[in-house]
Amino acid sequence: MNAIELAEGLDDNVKAVLRIQAMAVANMGNHALMEIRGLDPSFALSGGVAAGLALIAAEAGGQGTASGILKRYQKEFSTRQDLETALRAARRIDDDQLARDLVGALEQKFPESDLPALVKYTEALQRVDHRAAYDIMKDRPGKAVVAEMHRQLADAFSGSGVPDYLGIVTRIAPEVREIARIECARHALWLGLAPHALQLLLAPEAVLVSTSSRFLCETLQTLLIKRGPNGDLAVDESRLVDGFQALVMRLSADTTDKALRARLLDLLEPSVAGALGETIALAVLNRATAAQPNVTVRPEVKDRIAFGDLLKNEQFRETFNAWTKAEAPLRVGYTRFPLASLPADADRICEGILHEIDYQARHVELEDINTLLMILAFGTAVARHAHLANLDLPLIRTTAVRLSIGGHDQTGRDIVETMLEIAETPERRRIAWFGIADIYARGNRITEAAIYAAAGSFASGDVDDHQLWHETQVVYRIQRDALDVAHALETLQRADTLLRSMGRHETYGHRIETMALLAEVAGQATINFKTFAGLLQRAVRNGEDVLDKDDEPEPIALLLATMIRDAASAGIPVPGGATEVLTKLTERLGPNVRQLVDSHGRDIPTADDLMGLLGLASGQRYSAEVGTDSKGLVKAARRALDSDTTLLDIDTVCLALELTTDRAIAAPGWTDFKSPPPAFAKTQGPAEIMREISSEGINIVLVALAKDGSLVRVTASGGVISAAVREDRSLFSGPKLEEWRENYPFLYGMPGMPANAFLTTTERLRFSQLPAGPTILITDTKLASLPPNLMRAAPAGGQVPFEYAGQLYPYSAAPSLSWLDAARRLEGIGDGRRLAWMPGGGTMASVADFCADTLHEHGFELDRQERLPDHFGGASMAIVVAHGGLNPDGGAFQVVADEGHLAATANELATSLHNVGVAILFVCSGGRTDKHPSSDATLGLARELLDQGLQAVVASPWPLESLVPPRWLPKFLSEWDAGNSLGQSVHAANLALFARDGNPAVGLAMTIFGNPEVRNHVQSATRD
74 MNAIELAEGL DDNVKAVLRI QAMAVANMGN HALMEIRGLD PSFALSGGVA
124 AGLALIAAEA GGQGTASGIL KRYQKEFSTR QDLETALRAA RRIDDDQLAR
174 DLVGALEQKF PESDLPALVK YTEALQRVDH RAAYDIMKDR PGKAVVAEMH
224 RQLADAFSGS GVPDYLGIVT RIAPEVREIA RIECARHALW LGLAPHALQL
274 LLAPEAVLVS TSSRFLCETL QTLLIKRGPN GDLAVDESRL VDGFQALVMR
324 LSADTTDKAL RARLLDLLEP SVAGALGETI ALAVLNRATA AQPNVTVRPE
374 VKDRIAFGDL LKNEQFRETF NAWTKAEAPL RVGYTRFPLA SLPADADRIC
424 EGILHEIDYQ ARHVELEDIN TLLMILAFGT AVARHAHLAN LDLPLIRTTA
474 VRLSIGGHDQ TGRDIVETML EIAETPERRR IAWFGIADIY ARGNRITEAA
524 IYAAAGSFAS GDVDDHQLWH ETQVVYRIQR DALDVAHALE TLQRADTLLR
574 SMGRHETYGH RIETMALLAE VAGQATINFK TFAGLLQRAV RNGEDVLDKD
624 DEPEPIALLL ATMIRDAASA GIPVPGGATE VLTKLTERLG PNVRQLVDSH
674 GRDIPTADDL MGLLGLASGQ RYSAEVGTDS KGLVKAARRA LDSDTTLLDI
724 DTVCLALELT TDRAIAAPGW TDFKSPPPAF AKTQGPAEIM REISSEGINI
774 VLVALAKDGS LVRVTASGGV ISAAVREDRS LFSGPKLEEW RENYPFLYGM
824 PGMPANAFLT TTERLRFSQL PAGPTILITD TKLASLPPNL MRAAPAGGQV
874 PFEYAGQLYP YSAAPSLSWL DAARRLEGIG DGRRLAWMPG GGTMASVADF
924 CADTLHEHGF ELDRQERLPD HFGGASMAIV VAHGGLNPDG GAFQVVADEG
974 HLAATANELA TSLHNVGVAI LFVCSGGRTD KHPSSDATLG LARELLDQGL
1024 QAVVASPWPL ESLVPPRWLP KFLSEWDAGN SLGQSVHAAN LALFARDGNP
1074 AVGLAMTIFG NPEVRNHVQS ATRD
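Per the numbering used here, the sequence shown runs over residues 74 to 1097.
This is how it looks when you write it as structure tokens:
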């Protein structure tokens, strides 16, 4: 890299390209992608360079960047290498149309290229056409056995009935038997026989490789989302655990398989597996940790040497400075420091750096992180010369953990990933996976942490006592946060025994008590006077022990601050000296953790508290991480809403309300990463945005539940925010909301539902006032399930109106103010195309027939293929007609299906519609929103679509009658093409339907999620 920078006569853009290529070779894909995105767009690339950069971007996950390069330079790909590289990139980003074009160009210009035939071979396998696969392979050198396998499979699959898959596999030549097993599994899935595929892939003799892992993932997904009539699984739950265990064992052996890792975790998400996801992850962890490892004793390193003492040596300091310049940019875990230049034993230096990092990272400020990482890079470079093995990995883990505790979560996650990149042996893989598990467990991501800890346990049976001590703490933390307190305490007993065997109980025994207290407090569903008082006394004593031992104060300080606060509010006497102990603990904290403890200890957090916590919970690279990183922040915001004093300050109450919303949705129009919209930088930010938006003629209603269960509401109209309101519990009841959610909004779409059910079921879910005119409802994640069209006002002492808000005015919902602000600042999304997907036969075929003329009249291309559309991304509008289903293990939206074998997750459909401007969904419950069970975020198909970069989604929160699409679309599209806003167009179409029969299940079903002010940008100007 230095040589590139020092090279004379090279243009800066040429240097940038060379840097990108060097980064790709050095396995620095993310850095390379950032450089590609930063290239001067006016700098013209050659076809070969463009194809290479597109492939680098694609392999780093930059699908949007890769696609842009390929489309811009497609005509410049002239050589065989250019075209083949571009084709690999196109297939990597799943751009089938571009891949077909490149295949055609290769066949025409370079018929000797093998790549087109291999692409066609892959396509033949995907459509389960083994005759075609045989024809492609039969004359290829060295492929006779493969060709014969395809001939045998073609014959075996040609009959009727269910094939004898296991028998077929045994008759195939041994050298291609595992390939045949995969193809049999593919065929079984194609026929909808997921249990048969599972039996094949989990057979004792099966060898799980990358391809079979992919099919095992597909099999498990099918079993999770295609249930029986009563939600029954097609196989026993233990077989699902077997399948996930096999995947985790495969992952444990290959730390670089990011695709398998992402796919595995996606399957366990509540949107796919429901509550079963966490159950499966914990079951796999229990199996993994059941085996007793082979424990060795790691020798103690005495007389550690501090990094600061090393720098006092002038000769070393000069060598160190020269080394940092020569190796720049320093890469943690990859560089090596010259052994001859070390002034002392490498083990002693590493031990000194470990202790220095352990202290410094607690107190580090943002501007000091690079210095800390430089010390870490030096430590890992020295560890290569140490006598003790694997000293570099604890250095990385400790840095990541301390940074995460100190509020630098994203940096901590980035650093800990390095462990997986350099885990070359089973023992190192075990350490690395547990390091990742530690970070994710501390980030409240239980399912992920359980999977990573299981991967660590499966990686190797050999572990030293220091590493095992760390592992028991990770497993305990997972069990505690899963509220499996009994097993967490059992794990602590094993940890206590281990600590005694290490001879370190006198030094660290108080940590066992801290962890026990955390588990026991977590297990208290309600505050019991006697029990809580006893726990508080123990916490004070434990705090005193931590002070005496001068050990890490963070865990007990946070616990003690929270317990003192809760004791005071519950009328429980606080032991004498408790506040003094907390004060002394707080003095030893870094600034960020001190801020966290202070806010935890305050019954009513201030605006400064909330902004400070927001700063600690910001900076995420991916939107999904916002929800898990914000748990403490959201709890503080709800406590702030408990106070009437908070409600008197408009800026503070608007900030607190905004912090409870779903801020874990990506900003619209993203290309490569689901990046969240920027968090507000000042207390006044949310209120200012509410005034700005409402001054343009659309009201904003911002609502959330306080910690005490009361509903707090703020309304902005005409640029003015009215006083905050705490609704009377006779109007809006939190318990009634929970009761309502057990059956609604689902039952609203069921046949035979009485017309007045919409009124009777929402009697205790009303506001005292609603604004007149177009309105956007923004709620916290707990209230997001309320359909905005069904809102009704009930003024104190006044008559409750029978009209719903959606009857009177265009009402819509947005996930958060920060998201809405980002959406409104974006120009219209979409390339002008209008597309509709209505797959399958039966009812949906009839709907497609009824809608065909309307779609044609308004310029829509209709796709009736029984597969997810692969060319809809980037269109201006997409209409989808499909079946939708809810998860029986939690009730959230789970599956999109046709009347055949097609079954896709919400995320899969959303991905196929990436960066569409507006999506219109005629999908049962496609507009339903539920609270995520373990994150301050929501679940739902519409929500997934917004997270894929869309500006708005129109869908029904409940099951939809098949007559709605052909009756609703003509009016909507006429209004839309007349230049009206999305809100106006949807409202007009809803009213037309409602006037027909007065049924809210039909006339108020189609609901807007997102930005209702978006317009048809092809025909009318959008907001600047």
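Glycine is no exception: its CB is placed at the ideal position from the N, C-alpha and C atoms.
For Met763, the uninterrupted alpha helix (DSSP H) segment begins and ends at Gly758 to Ser767. Assigned with DSSP and collapsed to three states, Met950 falls in strand.
For Asp167, the closest C-alpha among the options Gly177, Gln181, Leu143 and Ala190 is that of Leu143. Taking all protein chains shown into account, Lys755 has fewer than 16 neighbouring C-beta atoms within 10 Å of its C-beta and is therefore exposed. With 16 or more other Cβ atoms inside 10 Å of its own Cβ, Leu732 counts as buried. Burial of Ala561 is indicated by the presence of at least 16 other C-beta atoms within 10 angstroms of its C-beta. For the stretch 546-601, the continuous alpha helix (DSSP H) assignments of 4+ residues that do not extend past its boundaries occur at 558-574 and 578-595, in sequence order. Taken through DSSP and simplified to helix, strand or coil, Ala526 comes out as helix. Annotated three-state conformation of His974 is coil, per DSSP. Taken through DSSP and simplified to helix, strand or coil, Glu934 comes out as strand.
Taking a contact to require three or more Cβ pairs closer than 8 Å, the stretch 851-866 and the stretch 740-755 do not qualify as touching.
Following the DSSP letters along the chain, one finds Thr848 in no alpha helix (DSSP H) but inside the beta strand (DSSP E) bounded by residues Thr848 to Thr852. DSSP, reduced to helix, strand and coil, places Gly347 outside both helices and strands of the structure shown, so it counts as coil. Taking 8 Å as the upper bound for CB-CB distance, Ile378 and Ile422 are in contact here, some 5 Å apart.
In the three-state DSSP reduction, Thr369 falls in the strand class (E or B). Secondary structure of Asn816 (DSSP, three-state): coil. Sixteen is the threshold: since fewer than 16 other Cβ atoms of the shown chains lie within 10 Å of the Cβ of Gln199, the residue is exposed. For Thr1080, the enclosing beta strand (DSSP E) begins and ends at Thr1080 to Gly1083.
In the structure shown, Ser703 adopts coil according to DSSP, grouped into three states. The beta-carbon distance between Thr472 and Ala434, rounded to whole angstroms, is 6 Å. This is short enough to meet the 8 Å contact definition. In the DSSP annotation of this structure, the continuous segment of the alpha helix (DSSP H) that includes Asn980 starts and ends at Ala979 to Ser985. Between Leu1077 and Gly879 a beta carbon distance of about 5 Å is seen, short of the 8 Å cut, so the two are scored as contacting. For Gly957, the pairing in a beta bridge is given by DSSP as Val969. One alpha carbon belongs to Gly508, the other to Leu728, and they sit about 35 Å apart.
Assignment of beta-bridge partners to Trp396 by DSSP yields no partner. Between His458 and Leu412, the beta carbon gap of about 5 Å places them in contact (Cβ cut-off 8 Å). In this structure, the beta-carbon distance from Val374 to Asp538 does not fall below 8 Å. In the DSSP assignment, Ala1028 falls within the unbroken beta strand (DSSP E) covering Ala1025 to Ala1028. Inter-residue distance for Ala123 and Glu185 is about 23 Å (C-alpha atoms, whole angstroms).
The continuous beta strand (DSSP E) containing Trp910 extends over residues Arg907 to Trp910. Close CB contacts of Ala139 within its chain, under the 6 Å cut and outside five residues either way in sequence, are with Ala127, Ala130, Ala131, Ala162 and Ile166 (chain order). By the neighbour-count definition (other C-beta atoms within 10 Å, threshold 16), Pro302 is an exposed residue.
One thing to note: Ile849 has its Cβ within 8 Å of the Cβ of Pro1085. Judged by DSSP secondary structure, Leu466 falls within the alpha helix (DSSP H) whose first and last residues are Asp465 to Ile478. For a cut-off of 8 Å, the C-beta gap from Ala977 to Glu1017 is around 11 Å, too long to register as a contact. Under the three-state reduction of DSSP output, Asp327 falls in the coil class, being neither helix nor strand.
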